[in-house]
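What follows is a set of notes on a single structure, which appears directly below.
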Amino acid sequence: MKLKNLLLTGTLFSISSFASAADQVILISVDGLRPDAINLLGESELPGFFRFHEEGIWTDSARSDFDYTRTLPNHSSMMTGRRVTGPAGHGQISNAMPPADMTLHNNTGEEAYVNSVFDVAHDHGLSTALYVSKDKFVLFEQSYNSATGAKDIVGEDNGEDKIDSYHFLVEDRAADVLTDRFVADMTNEPINFSFIHIVDTDSAGHGDNWTTPDYMDAVKRVDSYLQKIFALIDGNQALSGNTSIILVADHGGAGRAHSDAADSQNHTVPFYVWGAGVAEGEDIYALNTESRTNPGMGYPTYENAEQPIRNGDAANLAMQLLELPAIFGSTINAEQDLRVQ
Ligand SMILES: [Zn+2]
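If you're matching positions, the sequence shown starts at 553 in my numbering and goes up one per residue.
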């Protein structure tokens, strides 16, 4: 039951509500995407990425977590709005295939429930889905299923299973079939919150090197997926005008790796936002001078008074675009003060 849609139907000024909020948010993470590659290739090669530049708000100077520039730690931040380490962290340091009993709630050896984007959206009666192209993302399915998810104490009881559908699909180290599956599912029935993980760029980086022709081909392939997702929204009355996209990366890469978090090529990531409730053609830092500072070549810790926009900001921004509250226990963008218009 889509609680928010029901509320909007009953609201006299529903038109203005649509202008400021989204009914669908698609959070896309492009694994190992270095923003300088987007600019090297340019608009003619990457019409999908550049649509964010022209019609959305964006920066190529966002940051990953301070301590970790690896896939599972950073995706855990994007899903929980927490840093990796420390008392407020989600604690997912391991980047390996998780054992079958590992969850974000027990990964430090202690039991403490870690709330996520999936908890907030699901508990408010919205539909959720997770599409991934690496098998180790089963960590999130293991963390938020009917056995491990928290009780829903918000409004109607929607149950413990926070991720309505989980899809792991990869072919030739690419997310082509995964994207097609997402487009087909969204066409069939709009999903309120969906998270898509795209592996292509990371596969090419590790296989060859970051910014080699092979890597650039992977960035172009990712752009073709973005074009498919834009075409889905443009061509579907149920999605057009009330859907937003957030595009981020977990980390960049240099040489054939990305584990050194102090390397700017590893910790510099793009942060793009487009669609319902989002300004057009602006630098996201220019909209956020009161709360965020472009670090330039810097590498600020979480204790620094001037915070960059981080990939972890995406979690609570997604909730904000859906007019949902911040994730319980989150610390990154917990005030939901990252402005997008
Ligand atoms: Zn990698």
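Don't be surprised by glycine CBs; every beta carbon is placed ideally from N, CA and C.
Margin query: Taking DSSP's pairing of strands, which residues face W762 in a bridge?
Written below: Paired residue(s): none; W762 is not in a bridge.
Next item on the list: Going by DSSP, name the residue or residues bridged to F618.
Entry: Per DSSP, F618 has no beta-bridge partner at all.
Checklist line | Span of the beta strand (DSSP E) around F823 | finding: 820-827
Notebook entry, point to check: Cα separation between R635 and Y696?
Noted result: 19 Å
Next item on the list: Would you grab the beta carbon distance between I580 and E834 for me? Rounded to a whole angstrom, and I think it's under 8 Å.
Entry: Incorrect: roughly 20 Å between the Cβ atoms, too far for contact.
Note to self: Report the start-end ranges of each alpha helix (DSSP H) in the segment 775-804 that is 4 residues or longer and not cut off at the edges.
What the structure shows: none
Note to self: Quick check on S569: does DSSP put it in helix, strand or coil?
What the structure shows: Annotation note: pLDDT 38 at S569 (below 50); position unreliable, no value reported.
Notebook entry, point to check: H719 to Y683, Cα distance in whole Å?
Noted result: 5 Å
Checklist line | Residues near I715 in its chain [Cβ-Cβ closer than 8 Å; skip 5 each side] | finding: Excluding positions up to five away in sequence, the list reads F670, H674, T680, A681, L682, F692, E693, Y696, N697.
Item checked: Pairwise C-alpha distance: L874 and M649 -> 32 Å
Check: In three-state terms, what does DSSP make of A806?
Finding: strand
Notebook entry, point to check: In chain order, what residues have a CB nearer than 6 Å to some heavy atom of ligand 1?
Noted result: G584, T623, D754, H758, H810
Item checked: Neighbour-count burial assignment, P838, 16 or more Cβ in a 10 Å radius -> It is Ala, not Pro, that sits at residue 838 in the sequence shown. Label assigned to A838: exposed.
Check: With C-beta atoms as the reference, is S668 less than 7 Å away from A727?
Finding: no
Item checked: DSSP three-state assignment for A673, whether helix, strand or coil -> DSSP, reduced to helix, strand and coil, places A673 within a helical segment of the structure shown.
Margin query: Restricting to Cα atoms, I'd like to know which of D732, V729, Y665 is closest to G701.
Written below: Y665
Check: Shortest alpha-carbon distance to G759 belongs to which of A736, M631, D724?
Finding: D724
Notebook entry, point to check: What does L579 pair with, by DSSP beta-bridge criteria?
Noted result: F747, I798
Next item on the list: With a cut-off of 8 Å on the beta carbons, I'd call I750 and V774 a contact; round off their distance for me.
Entry: 6 Å
Check: Per DSSP, S717 forms a beta bridge with which residues?
Finding: A681
Next item on the list: Give the single residue among S792, F601, S811, G864 whose Cα lies nearest to the Cα of D575.
Entry: Distance from the Cα of D575 is smallest, within the candidate group S792, F601, S811, G864, for S792.
Next item on the list: Measure from the alpha carbon of P852 to the alpha carbon of each residue in D588, A589, F618, L593, then state which is nearest.
Entry: Ranking D588, A589, F618, L593 by Cα distance to P852 puts F618 first.
Note to self: Tell me the residue span of the alpha helix (DSSP H) that contains V690.
What the structure shows: 690-695
Item checked: Assigned exposure category for P742 - 16 Cβ within 10 Å defines buried -> buried
Next item on the list: Consult DSSP for E607 and reduce its assignment to one of helix, strand or coil.
Entry: Here DSSP, grouped into helix, strand and coil, assigns E607 to helix.
Margin query: So if DSSP puts R862 in a beta bridge, which residue, or which two residues, is it bridged to?
Written below: BP columns for R862 point to R615.
Next item on the list: Express the C-alpha separation of D786 and D737 in angstroms, rounding to a whole number.
Entry: 16 Å
Note to self: Contact defined as beta carbons within less than 8 Å: I believe Q859 pairs with T845. What is the distance between those atoms, to the nearest angstrom?
What the structure shows: 7 Å
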